[in-house]
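Worksheet for the structure shown next.
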Ligand SMILES: [Zn+2]
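Numbering (the UniProt record's numbering), first residue to last: 1 to 396.
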């Protein structure tokens with residue numbers, strides 16, 4: 001059943017329609033046919049034809065279930081549990097790899113440690129080692145990979161050959177993937193994009209469905225613009241963490257001084273709290289209850305959160321949007337403690353937060369869950385290309 005008003009203004013290609021269905025299923029975890037048809041703006045007959053194809057290709061499955069509304073039993077459509085994805089997540093200490101499914105379940109994980117001071121060569125070797133391990137595992141378990149997702153901190157359009165955060169040669173790494181897993185689609189992305197994807201698709205009741213800014217406060221501080229997941233440019237990194245507040249400030253890992261990241265990253269937090277970063281990572285989210293914070297330290301944290309707020313507000317001045325999701329250590333603080341961040345946004349956002357109609361939401365940190373973010377990104381890549389070959393020509 002469809003009305004003219006529900007039809008899209010722009011005709012969609014087959015890939016876009018399939019992407020709309022798959023990304024909706026990725027986000028919802030499963031849907032009955034009538035609400036799915038409505039969500040992706042298709043008649044039930046059109047949806048039926050596409051679901052037939054997706055099922056034949058092994059991308060979705062359907063279980064007959066009594067529907068929770070009038071109209072009787074119908075099929076509960078979800079992504080096929082047997083689709084295998086590989087995830088690679090690079091961090092400062094290690095390269096985590098895993099094989100998992102579209103629902104986020106990991107079947108196998110492994111990690112290759114990195115030397116204390118990684119170089120282009122040692123990172124390249126770690127990737128080759130991880131790829132060899134993965135090839136052995138997939139052969140042993142007779143797994144055919146549908147997609148590989150790779151998360152790299154600091155990766156950007158300007159750093160395809162050099163990375164200011166972790167030394168690595170992206171072109172060389174991409175070539176190694178092509179060599180070891182010929183024919184398997186591989187997507188490399190900035191770690192903030194991978195974590196944004198993880199939150200968007202794996203967090204129950206994620207606060208935003210429309211366009212918004214995702215801010216990730218971890219070893220690095222970065223943002224990602226998020227839009228309709230079926231759109232080609234749904235995720236774009238924004239390096240708000242390298243907004244410089246004082247050229248005489250602390251040195252940042254990007255090479256500059258006084259970046260907001262140098263004041264508010266996990267490394268900076270550990271320093272303010274007077275604990276080793278490794279210890280802070282080991283305690284995890286519990287630090288907020290286990291480490292006592294003196295009023296002097298609390299003041300310092302508030303000053304730094306205010307600065308982070310300024311960076312977020314400035315970003316919104318450059319490109320306005322109505323929602324900001326913040327993930328990382330500030331999310332663990334009490335509302336009173338993190339109010340400094342909100343005040344920072346208010347203090348520089350043109351018109352202030354209320355007039356600019358910006359709503360803020362704090363979501364839990366996702367640091368230390370590697371390679372979950374890369375796995376979520378791999379699932380997103382497969383869904384957003386409609387489960388079709390990467391180099392496929394558009395057929396409407
Ligand atoms: Zn920096």
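Glycine included, each C-beta is placed from N, C-alpha and C at the ideal position.
Please state the DSSP three-state secondary structure of residue 385. coil
Quick check: the region 294-311 against the region 167-177, are at least 3 beta-carbon pairs closer than 8 Å? no
Would you tell me roughly how many angstroms separate the C-alpha atoms of residue 274 and residue 85, rounded to the nearest one? 40 Å
Quick check: does the Cβ of residue 179 come within less than 6 Å of any heavy atom belonging to ligand 1? no
Does the structure place the region 116-135 close enough to the region 87-103 that three or more beta carbon pairs sit under 8 Å? yes
From residue 40 to residue 24, what does the alpha carbon distance come to, in whole angstroms? Between the alpha carbons of residue 40 and residue 24 lies a distance of about 8 Å.
By Cβ distance, which residues of its chain are closer than 6 Å to residue 111, with the 5 residues on each side in sequence left out? 94, 96
Identify, in the order they occur along the chain, each residue of the same chain with its Cβ nearer than 6 Å to the Cβ of residue 1, setting aside the five sequence neighbours on each side. Note that residue 1 scores 41 on pLDDT, short of 50, meaning its location in the model is unreliable and no value can be drawn from it.
Cβ-heavy atom distance between residue 256 and ligand 1 below 6 Å? yes
Any idea what DSSP makes of residue 428, helix, strand or coil? Residue 428 is absent from the model: the chain starts at 1 and stops at 396.
If I follow the unbroken beta strand (DSSP E) through residue 299, where does it start and stop? Residue 299 -> not in any beta strand (DSSP E); alpha helix (DSSP H) instead, spanning 295-318.
Sorry if obvious, but does the Cβ on residue 242 come closer than 6 Å to a heavy atom of ligand 1? Residue 242 has its CB nearer than 6 Å to a heavy atom of ligand 1.
Anyone know if the C-beta pair for residue 216 and residue 193 falls short of 7 Å? no
Cβ of residue 239 within 6 Å of any heavy atom in ligand 1? no
Alpha carbon of residue 79 to alpha carbon of residue 147, nearest angstrom: It is roughly 14 Å from the alpha-carbon of residue 79 to the alpha-carbon of residue 147.
Would you call the CB atoms of residue 241 and residue 271 closer than 7 Å? no
Answer yes or no: the CB of residue 261 versus the heavy atoms of ligand 1, is any distance below 6 Å? yes
Does the Cβ-Cβ distance between residue 358 and residue 314 come in under 7 Å? no
Determine the direct distance from the alpha carbon of residue 298 to that of residue 292, and round the result to whole angstroms. Each residue's alpha carbon lies about 10 Å from the other.
Count the other CB atoms within 10 Å of the CB of residue 327; is the residue buried (16 or more) or exposed (fewer)? buried
Is the region 382-390 close to the region 12-20, with three or more CB pairs under 8 Å? Contact holds: three or more Cβ-Cβ distances are below 8 Å.
Reducing DSSP to helix, strand and coil, say where residue 191 ends up. helix
Among 307, 108, 285, 351, which has the Cα closest to the Cα of residue 317? 351
Can you tell me where the beta strand (DSSP E) with residue 77 in it begins and where it stops? 74-79
Is it a yes or a no for the region 363-382 touching the region 198-214, going by three-plus beta-carbon pairs under 8 Å? Here the region 363-382 makes contact with the region 198-214; the two share three or more CB pairs at distances below 8 Å.
Whose C-alpha, out of 239, 285, 256, is nearest the C-alpha of residue 246? 256
Is residue 252 near ligand 1, judged by its Cβ being under 6 Å from some heavy atom? Indeed, a heavy atom of ligand 1 lies less than 6 Å from the Cβ.
Cβ-Cβ separation, residue 214 to residue 224 (assumed contact under 8 Å), whole Å: Rounded to whole angstroms, the Cβ separation of residue 224 and residue 214 is 5 Å, and the two are in contact under 8 Å.
Within the chosen definition, does the region 336-356 reach the region 364-377 through at least 3 CB pairs nearer than 8 Å? Proximity of the region 336-356 to the region 364-377 falls short of the contact definition, fewer than three beta-carbon pairs being nearer than 8 Å.
Here's the rule I'm using: 16 or more other beta-carbon atoms within 10 Å means buried, otherwise exposed. How should residue 392 be labelled? Because the pLDDT at residue 392 is just 48, under 50, the model does not fix this residue reliably, and the point stays unresolved.
Do residue 188 and residue 150 count as a contact pair if the criterion is CB distance below 7 Å? yes
Taking Cβ positions, are residue 306 and residue 248 nearer each other than 7 Å? no
Between the CA atoms of residue 22 and residue 30 - distance to the nearest angstrom: Put simply, the backbone Cα of residue 30 is about 10 Å away from that of residue 22.
Alpha carbon of residue 82 to alpha carbon of residue 362, nearest angstrom: Cα to Cα, the separation comes out at about 33 Å.
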